[in-house]
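Undergrad: Numbered according to the working numbering, the sequence shown spans residues 1 to 76.
Idealized CB from N, CA, C, for every residue including glycine.
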Amino acid sequence: MTKTLTRQQQWRRENPRRYLAHLYVEAAKRLKVIVPESCEVCGAEKADAHHDDYSRPGHVRWLCRRHHNQHHARGE
């Protein structure tokens with residue numbers, strides 16, 4: 001019997017560098033090496049870490065969900 005992967009498992013398998021960068025940021029936040037900041041566009045307090053370069057997982061920009069989605073929608 002073949003087990004079907006969840007969407008999340010499939011994404012992790014297809015995007016290993018992105019997934020490792022995400023894990024790096026989560027661990028760094030837990031260890032207080034990286035402290036979340038407000039959105040660099042609008043100043044919203046709740047912001048996601050955005051990687052411009054997945055080979056540099058510790059270098060992130062902080063964008064609220066709205067601006068993070070807009071950033072990706074523009075293909076950046």
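Are the Cβ atoms of residue 39 and residue 47 separated by less than 8 Å?
TA: yes
Undergrad: Check for me: the beta strand (DSSP E) holding residue 61 runs from which residue to which?
TA: Where residue 61 is concerned, the enclosing beta strand (DSSP E) stretches over 61-63.
Undergrad: Using the C-alpha atoms, what's the distance from residue 56 back to residue 62?
TA: 15 Å
Undergrad: Figure out for me which residue from 34, 17 and 66 has the closest Cα to the Cα of residue 52.
TA: 17
Undergrad: Taking C-alpha atoms, which residue in 4, 15, 65 and 7 lies nearest to residue 54?
TA: Checking every option, the nearest Cα to that of residue 54 belongs to 15.
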